[in-house]
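*Asks:* After the structure tokens below, expect a handful of questions from me.
Listed below in structure tokens is the structure:
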């Protein structure tokens, strides 16, 4: 596990809520120099504590109004490594997880509408060698969408 200290955590809390905040403002809030903030952020990027940056775009604003989760049952679990690259070719697939339980893989995907969703499932996902079955769950609403809290604790 990567070791981060209280200053790192304070910096993370600030930049997680506003990735565009100027370093000087983070430095002021943390009581350190702008150079210290910059060095800490760079170190956390190198350690892969910070894994990305950018803007979040609402898929619906781009015409992708159907969010869904698809459970994939593979012919053999060992086929995961050959199925994954095929899923990566489908731009509408935004997440993929290797799971335990009912499904071998669980993907999150966006579609423009139900017709587009059916096209993606029937013509792409179910045609991937090794995919034995799929089960699709439509998301009616995303009620919570957040990153893990820096000091997450159970209630």
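Numbering (our numbering), first residue to last: 1 to 155. Quick reminder that beta carbons are idealized off the backbone N, C-alpha and C, glycines included.
Taking the alpha-carbon positions, what's the residue 116 to residue 33 distance?
*Replies:* Position 116 of the chain shown holds residue 116. Position 33 of the chain shown holds residue 33. About 51 Å.
*Asks:* Give, in chain order, every unbroken run of the beta strand (DSSP E) that is at least 3 residues long and sits entirely within the segment 56 to 130.
*Replies:* As far as the segment 56 to 130 is concerned, its whole beta strand (DSSP E) runs of at least 3 residues are 66 to 74, 93 to 98 and 105 to 111.
*Asks:* Is residue 72 closer than 8 Å to residue 131 when the C-beta atoms are compared?
*Replies:* For the purposes of this step, residue 131 is taken as residue 131 along the chain shown, with counting starting at 1. For the purposes of this step, residue 72 is taken as residue 72 along the chain shown, with counting starting at 1. Contact: yes.
*Asks:* If we call anything under 8 Å between Cβ atoms a contact, is residue 110 one with residue 80?
*Replies:* Translated into the one-based positions of the chain shown, residue 110 becomes position 110. Translated into the one-based positions of the chain shown, residue 80 becomes position 80. No, the pair does not count as a contact, with Cβ atoms beyond the cut-off.
*Asks:* Apply the 10 Å Cβ neighbour rule to residue 104 and answer buried if 16 or more other Cβ atoms are within range, or exposed otherwise.
*Replies:* Walking along the chain shown from the start, residue 104 turns up at place 104. Per the 10 Å Cβ criterion, buried.
*Asks:* Which first and last residues belong to the alpha helix (DSSP H) in which residue 34 is found?
*Replies:* The residue labelled residue 34 in the question sits at position 34 within the chain shown. From DSSP, the alpha helix (DSSP H) with residue 34 extends over 34 to 46.
*Asks:* Between the segment 37 to 52 and the segment 18 to 28, do at least 3 Cβ pairs fall closer than 8 Å?
*Replies:* Yes, the segment 37 to 52 touches the segment 18 to 28.
*Asks:* Using 8 Å as the threshold, is the C-beta distance between residue 93 and residue 138 below it?
*Replies:* On the chain shown, position 93 is the one that residue 93 refers to. On the chain shown, position 138 is the one that residue 138 refers to. Not closer than 8 Å, so no.
*Asks:* If I measure Cβ to Cβ from residue 54 and keep anything under 8 Å in the same chain, skipping five residues before and after, which residues do I get?
*Replies:* By 1-based counting over the chain shown, the position of residue 54 is 54. Here the set comprises 19.
*Asks:* Can you tell me whether residue 125 sits near the ligand COA, meaning its C-beta is under 7 Å from at least one heavy atom of the ligand?
*Replies:* This structure does not include the ligand COA; it has no bound ligands of any sort.
*Asks:* Here's a check: name, in chain order, each residue in its chain whose Cβ is nearer than 8 Å to the Cβ of residue 77, leaving out the five neighbours to either side.
*Replies:* For the purposes of this step, residue 77 is taken as the residue at position 77 of the chain shown. Excluding sequence neighbours, residue 77 sits near 104.
*Asks:* Are the CB atoms of residue 16 and residue 147 within a distance shorter than 8 Å?
*Replies:* On the chain shown, position 147 is the one that residue 147 refers to. On the chain shown, position 16 is the one that residue 16 refers to. Against a cut-off of 8 Å, the Cβ pair of residue 16 and residue 147 comes out as a contact.
*Asks:* Pick helix, strand or coil for residue 135, following the three-state DSSP scheme.
*Replies:* To locate residue 135, count along the chain shown from 1; it is residue 135. Strand at residue 135.
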